[in-house]
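Protein chains in written order, with our numbering: chain C, 8 to 259; chain R, 8 to 259.
There are 2 protein chains.
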Amino acid sequence: MGKVYLVGAGPGASDLLTLRAAEILKRAELVFHDSLVHPQTLALAARARKILVGKRSGRHSTAQSFINKRLVDAARKHAVVVRLKGGDPLLFGRAQEEIDALRRAGIDFEIVPGVTAATAAGAELGVSLTRRGLARHVAFVTPRAGQGERKNDWAASVLAADTAVIYMGAGLAEEISTELIARGKPKATPLALVESATLPGRRILRGTLADLPALALGTGGGPAVVLLGEVLRAASAEPVLAEKIEAILKRA
Amino acid sequence: MGKVYLVGAGPGASDLLTLRAAEILKRAELVFHDSLVHPQTLALAARARKILVGKRSGRHSTAQSFINKRLVDAARKHAVVVRLKGGDPLLFGRAQEEIDALRRAGIDFEIVPGVTAATAAGAELGVSLTRRGLARHVAFVTPRAGQGERKNDWAASVLAADTAVIYMGAGLAEEISTELIARGKPKATPLALVESATLPGRRILRGTLADLPALALGTGGGPAVVLLGEVLRAASAEPVLAEKIEAILKRA
Numbered sequence: 008m009g010k011v012y013l014v015g016a017g018p019g020a021s022d023l024l025t026l027r028a029a030e031i032l033k034r035a036e037l038v039f040h041d042s043l044v045h046p047q048t049l050a051l052a053a054r055a056r057k058i059l060v061g062k063r064s065g066r067h068s069t070a071q072s073f074i075n076k077r078l079v080d081a082a083r084k085h086a087v088v089v090r091l092k093g094g095d096p097l098l099f100g101r102a103q104e105e106i107d108a109l110r111r112a113g114i115d116f117e118i119v120p121g122v123t124a125a126t127a128a129g130a131e132l133g134v135s136l137t138r139r140g141l142a143r144h145v146a147f148v149t150p151r152a153g154q155g156e157r158k159n160d161w162a163a164s165v166l167a168a169d170t171a172v173i174y175m176g177a178g179l180a181e182e183i184s185t186e187l188i189a190r191g192k193p194k195a196t197p198l199a200l201v202e203s204a205t206l207p208g209r210r211i212l213r214g215t216l217a218d219l220p221a222l223a224l225g226t227g228g229g230p231a232v233v234l235l236g237e238v239l240r241a242a243s244a245e246p247v248l249a250e251k252i253e254a255i256l257k258r259a
Numbered sequence: 008m009g010k011v012y013l014v015g016a017g018p019g020a021s022d023l024l025t026l027r028a029a030e031i032l033k034r035a036e037l038v039f040h041d042s043l044v045h046p047q048t049l050a051l052a053a054r055a056r057k058i059l060v061g062k063r064s065g066r067h068s069t070a071q072s073f074i075n076k077r078l079v080d081a082a083r084k085h086a087v088v089v090r091l092k093g094g095d096p097l098l099f100g101r102a103q104e105e106i107d108a109l110r111r112a113g114i115d116f117e118i119v120p121g122v123t124a125a126t127a128a129g130a131e132l133g134v135s136l137t138r139r140g141l142a143r144h145v146a147f148v149t150p151r152a153g154q155g156e157r158k159n160d161w162a163a164s165v166l167a168a169d170t171a172v173i174y175m176g177a178g179l180a181e182e183i184s185t186e187l188i189a190r191g192k193p194k195a196t197p198l199a200l201v202e203s204a205t206l207p208g209r210r211i212l213r214g215t216l217a218d219l220p221a222l223a224l225g226t227g228g229g230p231a232v233v234l235l236g237e238v239l240r241a242a243s244a245e246p247v248l249a250e251k252i253e254a255i256l257k258r259a
C-alpha cells in the first residue's frame with residue numbers, strides 16, 4: 008500500500024513551492040494535478056506520470072468523486088502518489104472529499120500546506136492583510152457554491168472582517184459589488200484585484216468596491232483574488248499620509 | 008543601496024520554507040529574525056550575520072520602531088538584507104510598519120509569502136478549512152491588540168465565518184470562550200487547539216468551545232492556534248458518519 012500526499016503548489020511561481028513539496032515531487036510515481044500548476048513545478052516530478060484532473064473555476068473538470076477513486080486506486084499500486092493543488096490544499100481545494108475517501112479506504116495520507124493566493128497577492132501589492140490599529144481579522148471567502156449547496160453567506164464574513172480576500176470572484180464582480188453595497192459596505196471601500204499573482208502575466212487593478220465590475224473587465228481570465236479593506240488605503244497613500252495615519256492611530 | 012526581503016519562514020518545520028526564501032537566505036548578508044524561526048532555516052543563511060529581534064506574543068521584544076530603523080540602516084550598508092518572520096509576513100507579522108519605513112526611506116524591498124499557521128494546523132488535523140456544502144468562508148483573527156488600539160471586534164469575524172482560526176489566543180482562552188458564547192456561538196462548537204504545528208513537540212487538543220479554557224491548560228507555551236467550526240466535527244467523525252453527512256448535504 009502506498010501513501011498519498013495532498014500537496015499545495017503555491018500561488019503560481021514555481022519557486023513559491025515549499026522545500027518539502029519539492030522533495031516529495033522528486034520521489035513521486037504518479038502526480039494528479041490541477042490546471043494551474045506551473046510547468047516547472049511539474050517538471051520536478053521527473054520520475055512521475057502526470058495526470059491533469061482539471062479544476063478551474065467555472066470550466067469543465069474531472070468529477071470530484073472520480074478523482075477520489077483514482078487516488079485510492081493509485082495508492083494501491085504505487086508507493087508515492089501526489090495530489091498537487093494550486094495554492095494551499097485546505098483553502099478552497101476540495102481536499103476534505105479526498106481526505107475522507109482516503110480515510111474510508113484505509114490509505115495513508117499526508118497534507119503538505121502551501122502558500123495561498125491571498126498573501127501572495129498582498130505581497131505583490133506591498134500590503135499586509137493585518138495591520139496594528141487598523142486590521143486584526145481577515146476573511147477568506149468565495150461566493151461560489153456547488154449546485155444544491157446550503158446557503159453560503161460569504162458576504163456576512165466580508166462585512167464583519169477588517170480585511171477580506173475573495174477567491175474565485177472575478178467572474179462574479181457585479182454580484183459581489185451589488186450584494187456588499189446593498190448590505191452596507193461603503194462604496195468607497197478600497198479594493199484591489201490581483202490576477203495571476205507571482206506570475207509574469209500578473210495584473211493589478213486598484214479602485215473601490217463600486218469600481219469592481221469595471222475593474223473585472225480589465226482581467227484576462229487568469230486566476231484572480233479580490234482584496235478589500237482599509238489596509239489598502241493606508242498602504243497606497245503617500246508616505247507622508249501614511250505617517251499621518253500612524254500618528255492619528257497612536258493618539259486614538 | 009541594498010534591498011530588504013520580508014520573508015515568511017513558514018509555520019515551524021524548516022522544510023516548509025519556500026524555495027525562493029531558501030535562495031534568498033543563501034545570498035543574505037544580514038538576517039533580522041523572530042524568536043520562533045527554526046535553527047535549520049537560519050543555518051541556510053550561511054554567510055549572514057543573524058540578529059534576533061524578538062517578537063513573541065506577550066513577551067519582551069525589540070520595539071517595532073527600532074526594528075524599522077535597523078532595516079533601513081542595514082540596507083544602506085548591505086546588498087541583501089532579510090527580515091525573517093514566522094509564518095507569512097502579511098498575517099499578524101507587523102510587516103506594514105516595516106514596509107512603510109522602507110518606502111519612506113526610498114529603500115527597495117520585496118515580500119516573500121510563506122505558509123501560515125492556520126493551514127499547517129489544518130494539515131496536522133487532516134481537516135480542510137473549507138468544505139463544499141459546509142464551509143465557504145474562513146476568518147483568521149487575533150484577540151490581541153496593542154495598547155491604545157481602536158476597538159478590535161475579532162469576535163464579529165469569528166461569529167460570521169464558517170471556520171475560524173484564532174492566532175495568539177491560547178493565553179486568552181477564558182476570554183475567547185466567554186465572549187463567543189455570550190454572543191451566541193454554541194458551546195458545543197467543535198474546536199481544536201494546535202500547539203507547535205509541524206514541529207516534533209506539537210500537541211493537538213480537541214474539544215468544544217466550552218472546553219477551550221481547560222484545553223489551554225494542557226499547552227506548554229509554544230505558538231498555538233485555535234480552530235473552530237463544523238469542519239472539525241465532520242472530519243473527526245467516523246468514516247461512515249462522514250459518508251452520511253455527504254449524503255445529507257447532497258440531498259439538501
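The beta-carbon is built from N, C-alpha and C at its ideal position, and this holds for glycine as well.
Taking A168(C) as the centre and dropping the five residues before and after it, the same chain places the C-beta of H144, V145 and A146 closer than 7 Å to its C-beta, in chain order. Around V88(C), the same chain offers G9, V11, L37, A81 and A82 as residues with beta carbons nearer than 6 Å, after the five sequence neighbours per side are excluded. Close to F99(R), with beta-carbon spacing below 7 Å, are these residues of chain C in chain order: T137. With contacts defined by Cβ atoms closer than 8 Å, L216(R) and L200(R) do not form a contacting pair. For K33(R), the enclosing alpha helix (DSSP H) covers residues L26 to R34. Not flagged as an interface residue toward chain R: F73(C), since no C-beta distance is shorter than 8 Å. Distance check between A55(R) and each of K76(R), E30(R) and I74(R) places E30(R) closest, using alpha-carbon atoms only. In terms of Cα proximity to P197(R), the closest of G94(R), I188(R) and K57(R) is I188(R). At a cut-off of 8 Å, the C-beta of Q47(C) has no neighbouring C-beta in chain R.
In the structure shown, P197(R) adopts extended strand secondary structure according to DSSP, grouped into three states.
In terms of Cα proximity to R190(C), the closest of E202(C), I106(C), D160(C) and L32(C) is D160(C). Residues of chain R whose Cβ lies closer than 7 Å to the Cβ of R27(C) are, in chain order, D22 and L23. Just so you know, the alpha carbons of K192(C) and E186(R) end up roughly 25 Å apart. Closest by C-alpha distance to A171(R), out of A204(R), R111(R), E237(R) and A152(R), is E237(R).
Separation of P150(C) and L136(C) (C-alpha to C-alpha, rounded to the nearest whole angstrom) is 20 Å.
E156(R) carries a coil assignment under DSSP once its states are collapsed to helix, strand and coil.
Interface residue (Cβ-Cβ distance to chain C less than 8 Å): I118(R) is classified as such.
When DSSP reads this structure, E117(C) sits in a beta bridge with Y12(C).
Rounded to the nearest whole angstrom, the CA to CA distance from A204(C) to V119(C) is 21 Å. F73(C) is classed as exposed because its beta carbon has fewer than 16 other beta carbons within 10 Å across all chains shown.
In the structure shown, T170(R) falls within a strand segment according to DSSP collapsed to helix, strand and coil. Close to G153(R), with beta-carbon spacing below 9 Å, are these residues of chain C in chain order: R139 and G140. At a cut-off of 8 Å between beta carbons, G17(R) contacts chain C. With a cut-off of 8 Å on Cβ pairs, the region 107-124 of chain R is not in contact with the region 100-110 of chain C, counting fewer than three such pairs. Residues of the region 31-45 of chain R whose Cβ lies closer than 7 Å to any Cβ of chain C: none. Against chain C, a Cβ distance below 7 Å from A168(R) picks out A146 and S164. Look at A231(R) here: in three-state DSSP terms it is strand.
Proximity to A223(R) across A35(R), G178(R), L97(R) and S21(R) peaks at G178(R), based on C-alpha coordinates. Rounded to the nearest whole angstrom, the C-alpha separation of R101(C) and A16(C) is 15 Å.
Boundaries of the alpha helix (DSSP H) around T126(R): A124 to L132. Beta bridge pairing from DSSP links L212(C) with L200(C).
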